[in-house]
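The structure appears right after this line, and notes come after that.
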Amino acid sequence: MRSNLAAWPLLAGSLLLVALTGCGYRIGTRQSTIAGVTIKTLAIPVARNRSLHPGAEVELTRALRLVIARNGALRLRAVASAEALLLSSVTNVQIATLATPVSPDGTLLLVQYRLTLTVDLRVVKRDTREPIWTMNGLQETADFLTGRLPVETEANSRWALQRAAERVAERAYRYIFSGL
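Position one of the sequence shown corresponds to residue 15 (the working numbering), numbered consecutively onward.
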């Protein structure tokens with residue numbers, strides 16, 4: 015009976031360790047190597063918006079922060095305390111008509127649009143601003159439909175921008191951490 019009681023703390027500790035690792039918790043330090051430079055902390059300041067599309071910088075910044083936090087390769091920090099910065103810039107947001115079906119009587123039925131988001135990205139050392147990794151002209155698209163009301167079309171356009179920003183962020187993460 016005594017030997018079984020002595021095993022409980024070991025068993026409980028093992029189960030806790032397995033549960034925490036399964037939930038995504040990491041034990042130890044997080045760090046990544048980007049283009050041969052080992053980094054533990056990263057800051058992602060709000061992106062610059064050089065496009066004519068208001069709010070595009072907010073969506074890109076949100077998506078980049080989310081993908082880095084979710085993947086857990088690095089700790090996100092404020093600019094003042096990070097080793098490196100992921101600087102981003104929205105260079106263009108283009109909306110093009112894809113299809114305009116017309117009924118037999120000539121009535122416009124539906125319009126489908128394609129939003130194309132183009133961004134420039136750089137990872138730099140915070141102190142020296144020395145570039146570690148750069149990619150210019152990264153593009154992603156998302157399609158959306160018109161709504162019955164202008165506010166619906168605007169909401170669909172905003173959703174397409176969010177989706178394109180998420181796709182850019184996912185691709186950027188893969189490029190940054192794969193050494194491309």
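All C-beta atoms in this analysis are idealised placements derived from N, C-alpha and C, irrespective of residue type, glycine included.
As assigned by DSSP and simplified to three states, the class of residue i
| i | result |
| --- | --- |
| Pro145 | strand |
| Arg140 | coil |
| Gly42 | Low local confidence applies: a pLDDT of 41 at Gly42 is under 50, so the model's placement there is unreliable, and no value is given. |
| Val165 | helix |
| Val32 | Because the pLDDT at Val32 is just 47, under 50, the model does not fix this residue reliably, and the value given afterwards should be weighed accordingly. Here Val32 sits in helix by DSSP. |
| Val182 | helix |
| Leu124 | coil |
Residue environment, residue i, which counts as buried when at least 16 other CB atoms sit within 10 Å
| i | result |
| --- | --- |
| Asn5 | As shown, the chain starts at 15 and ends at 194. That puts residue 5 outside it, with no answer to give. |
| Leu112 | exposed |
| Asn150 | exposed |
| Leu66 | exposed |
| Thr132 | buried |
| Trp173 | exposed |
| Glu144 | exposed |
| Trp147 | buried |
| Leu163 | exposed |
| Val195 | No information on residue 195 is available, as it lies outside the stretch 15 to 194 that the chain covers here. |
| Ala179 | buried |
| Val182 | buried |
| Ser117 | exposed |
Supposed close pair residue i, residue j - CB separation, criterion 8 Å
| i | j | result |
| --- | --- | --- |
| Thr130 | Gln153 | 6 Å |
| Gln126 | Leu159 | 6 Å |
| Ala98 | Thr75 | In fact, because the Cβ distance is near 16 Å, the residues do not count as touching under 8 Å. |
| Ala57 | Ala96 | 4 Å |
| Tyr187 | Ile48 | At roughly 11 Å, the Cβ-Cβ gap does not stay under 8 Å, so Tyr187 and Ile48 are not in contact. |
| Ser8 | Leu124 | The question about residue 8 has no answer here: the residues shown for the chain are numbered 15 through 194. |
| Val137 | Leu90 | Wrong, their Cβ atoms sit about 13 Å apart, outside the cutoff. |
Only counting runs of 4 or more residues, tell me where the alpha helix (DSSP H) segments fall wholly within the stretch 47–107, in order along the chain.
70–85
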